[in-house]
Structure formats: C-alpha cells, structure tokens
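There are 2 protein chains.
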Amino acid sequence: MHWTDRLHPLLIGVSDVVNRLDVDTRLLAASDVKLDRALFPLLSRLALHEPMNTVELANLVGRDHSVVSRQVAKLEALELVERVPDERDRRARLLKPSAAGRELLARVAVARRRWMEADFRAWPDEDIETLIALVGRMLDGLGSPDD
Amino acid sequence: MHWTDRLHPLLIGVSDVVNRLDVDTRLLAASDVKLDRALFPLLSRLALHEPMNTVELANLVGRDHSVVSRQVAKLEALELVERVPDERDRRARLLKPSAAGRELLARVAVARRRWMEADFRAWPDEDIETLIALVGRMLDGLGSPDD
DNA sequence: GGTACATCCGTGCATAATGCACGTTACACC
DNA sequence: GGTGTAACGTGCATTATGCACGGATGTACC
Numbered sequence: 001m002h003w004t005d006r007l008h009p010l011l012i013g014v015s016d017v018v019n020r021l022d023v024d025t026r027l028l029a030a031s032d033v034k035l036d037r038a039l040f041p042l043l044s045r046l047a048l049h050e051p052m053n054t055v056e057l058a059n060l061v062g063r064d065h066s067v068v069s070r071q072v073a074k075l076e077a078l079e080l081v082e083r084v085p086d087e088r089d090r091r092a093r094l095l096k097p098s099a100a101g102r103e104l105l106a107r108v109a110v111a112r113r114r115w116m117e118a119d120f121r122a123w124p125d126e127d128i129e130t131l132i133a134l135v136g137r138m139l140d141g142l143g144s145p146d147d
Numbered sequence: 001m002h003w004t005d006r007l008h009p010l011l012i013g014v015s016d017v018v019n020r021l022d023v024d025t026r027l028l029a030a031s032d033v034k035l036d037r038a039l040f041p042l043l044s045r046l047a048l049h050e051p052m053n054t055v056e057l058a059n060l061v062g063r064d065h066s067v068v069s070r071q072v073a074k075l076e077a078l079e080l081v082e083r084v085p086d087e088r089d090r091r092a093r094l095l096k097p098s099a100a101g102r103e104l105l106a107r108v109a110v111a112r113r114r115w116m117e118a119d120f121r122a123w124p125d126e127d128i129e130t131l132i133a134l135v136g137r138m139l140d141g142l143g144s145p146d147d
C-alpha cells in the first residue's frame, strides 16, 4: 500500500476529531460558552490568522464569501469580532477578535488543554515535539494548493 | 506557550486542508468525478470504517441521523453505496461502498497521490513514516472522547 | 489621467441542507 | 410480556448556502 493511502485516512481522522459535534459541544459546554456552532470556527480561524478580510476567511473555511459576510455580521453584533477599515485597501475591512472574543477563546482553550493533556498523558515530551514539528512542516507545504 | 496551544492550531490547519473547497473540487475534477460535495465525505468515511450503520456514520461526521439517512439514500440511488440488512440487529442496515463506489474512490486516490507526492517530495522517507506513526497514535488516543 | 478589468463586499433570492418531533420496528433486560 | 432504549425514515419549519448583481475601490496599461 502506498504511503499516501496510509496518510490520507489519518488526515481525515484528524479532521473528524476537530469537527466532531461531541467535541465542540463538550468544549463549549465545559467552557460555559453559548455560541452557535457555525460561528465558533470562524472566530477560531480569525484568532489564528489575524487580521484577515472576509474573502480570505471565506477561502479558509471553504464557503462562499456571502455566507461568511453574514456570519461575520452576527459575530460583530455579538461584539466578539471587530471590523476595522483596511487603510491599504479601502474596499476591505480587516477582521479580528474583540477583547470579548479573545476572552471567550481563552476560556475554551483552558477546557481544551485539560482534554488534550489527558489524551497525551502517556506521550514522551520529545514525541509531542516531533509531532508538532512534522505536522507543522506538512502544513507549510500544503498551505498553498496552487501548482 | 503551552504545547496544546501549539498543537491545536495545527490540527485545525489539517482540518482546513482536508476540507478546503479547492482541494476537493480540484481532486474531483482531476479525477473526472461528478459527485455532490456533501456526498463525497460520506463515501470516503464509509470506505474507511466499513461496514457502518447510519447512526454511526452520522456521529462520525457530526450531523443528525436524519440528514445522513437522506444523503445515504442519494448515494444508494447513485449505486455508489449498498445497504444490506444487519443480521445482528434487524433495525439497522449496514452501509458499504459498492463496487462502483470503490472504483470512484480509487480514481480520486490516484489524483490525490500525485498531489501529495508533489508536496512531500523533499521529505525523507523516515520523516513520513514518523509522521504517520505519531498521527496514528494520536488518533488512537483521541478516538473515543468519552471520559 | 483615463480606460478596462479585477477584486472586496453586502444583499436579494431561489434552492438545498439541517435538526427536531414523531412513528415504527427491534433489541435488552428483567 | 412489560418497560426502556436504540436504529431508523419522513414531515415540517427553520436556517444555511451559493449565485447573481451592483457599488466601491484597486490595479495595470497606455
């Protein structure tokens, strides 16, 4: 069996773990956070790639920009995200989490850390570091699928 | 920074790469496959965890069983998936890809292999093997989020 | 600096997807 | 057999989605 056929199912598995309803629901409940499940991924992505405009965020999550535009409007109404004018490009508005948005993500991060620490309890530190390094390198290569 | 705060963004990144519209669309186009984007993940999951019933598949992809029930019906109408009675539990029907479904997945796998090989061209074999081993071990631990 | 074209964005609109509630069948346990 | 639970499938109201469009701005080129 080719190694791509062994790696790809694992990547799908990672995706499923990240997206699994149980996980998000549990995390949000454990963090005492009430937020639409569709909105949370957007807020997370924004925190990871701040600042971003709407089109970039839409490409990242693989939806039409119109969908993201409406969802971002909701996040702004909840005061979890700020839209500031982009001085470089006045068509765009740069998105970034508000202080409240960051605080919400921090609460979830605490719950997630407990969950992950439990699952990696048996792992040597060096294996964790190797995992982080290799996955990071993989994403650097896969980052731009334009070739 | 805690290691969980370095690993988690990478997992999100993997999820985004797997789900990115461009990737799936490109792969399907490159494979000459016409299939609703919502249906393809179900077929892939079925091939990875065969056989499965509807509820298990619904939990895997994080949707209500009613949604998956309807999508599976579509896949069955396309003759990409077979539903056979489960002799152990006659309420359930076991799902598995049909011969045509497997053939479709195989065509996509060929295109994906080309894509992945290009991105890992600079990787030593041993790094690829380490990546596969570590991600696999991680998924084994994260597999059952019930604790 | 003017013209042509591409890009960012928000909204109307038709369509598709989603989840809940409910009924049916079947399992499990006592 | 009686009670509780689970695996469906479907009707239905609600929501999400993407396309198409228009306005504003950016970019390239001459």
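Going line by line, the protein sequences match chains W and X.
Sequential numbering of the first sequence, starting at 1, is according to UniProt numbering.
Sequential numbering of the second sequence, starting at 1, is according to UniProt numbering.
In this text, a Cβ means the ideal position worked out from N, Cα and C, and glycines have one as well.
All values reported here derive from a predicted model rather than from experimental measurement.
From the DSSP output, read off the bridge partner residues of residue i.
{"i": "R83 (chain W)", "result": "W:L95"}
CB-CB under 6 Å to residue i, same chain, minus the five flanking residues each way: which ones, in chain order?
{"i": "A73 (chain W)", "result": "none"}
{"i": "V68 (chain W)", "result": "T54, L57, A58"}
Mind checking whether residue i and residue j have CB atoms under 7 Å apart?
{"i": "V81 (chain W)", "j": "L94 (chain W)", "result": "no"}
{"i": "A111 (chain X)", "j": "S15 (chain X)", "result": "no"}
{"i": "L139 (chain W)", "j": "L134 (chain X)", "result": "no"}
{"i": "N19 (chain X)", "j": "G13 (chain W)", "result": "no"}
{"i": "A142 (chain W)", "j": "V17 (chain X)", "result": "The displayed chain sequence assigns Leu, not Ala, to residue 142 (chain W). Yes, Cβ-Cβ distance for L142 (chain W) and V17 (chain X) is below 7 Å."}
{"i": "R37 (chain W)", "j": "L60 (chain W)", "result": "no"}
{"i": "P9 (chain X)", "j": "L48 (chain W)", "result": "yes"}
{"i": "N53 (chain W)", "j": "A92 (chain W)", "result": "yes"}
From what residue to what residue does the alpha helix (DSSP H) around residue i run?
{"i": "P9 (chain W)", "result": "3-19"}
{"i": "K74 (chain W)", "result": "65-77"}
{"i": "N59 (chain W)", "result": "54-61"}
{"i": "D125 (chain W)", "result": "125-142"}
{"i": "R45 (chain X)", "result": "39-48"}
Quick one: residues in its chain with C-beta nearer than 7 Å to the C-beta of residue i, no 5 flanking neighbours on either side, listed in chain order?
{"i": "D64 (chain X)", "result": "A58"}
{"i": "D147 (chain X)", "result": "For D147 (chain X), the predicted structure reports a pLDDT of 38, less than 50, and the residue's modelled location is therefore unreliable. A value from the coordinates is still provided. Excluding positions up to five away in sequence, the list is empty."}
{"i": "P145 (chain X)", "result": "Low per-residue confidence applies at P145 (chain X): pLDDT is 45, beneath 50, and the placement is therefore not dependable enough to give any value."}
{"i": "D86 (chain W)", "result": "N53, A92, R93, L94"}
{"i": "L39 (chain W)", "result": "Q71, K74, L75"}
{"i": "V33 (chain X)", "result": "L104, R107, V108"}
{"i": "P51 (chain W)", "result": "L94, L95, K96"}
{"i": "R137 (chain W)", "result": "none"}
{"i": "P124 (chain W)", "result": "none"}
For residue i, collect the residues of the same chain with a Cβ closer than 8 Å to its Cβ; drop the 5 residues on either side in sequence, then sort them by chain order.
{"i": "L43 (chain W)", "result": "L35, L75, L80, V81, P97, G101, L104, L105"}
{"i": "R83 (chain X)", "result": "V72, E76, R93, L94, L95"}
{"i": "I128 (chain X)", "result": "F120"}
{"i": "P41 (chain X)", "result": "V61"}
{"i": "R90 (chain W)", "result": "none"}
Could you check how far apart the C-beta atoms of residue i and residue j are, in whole angstroms? I think they sit under 8 Å.
{"i": "T25 (chain X)", "j": "M116 (chain W)", "result": "Contact doesn't hold; Cβ gap of about 32 Å is too wide."}
{"i": "H2 (chain X)", "j": "R113 (chain W)", "result": "6 Å"}
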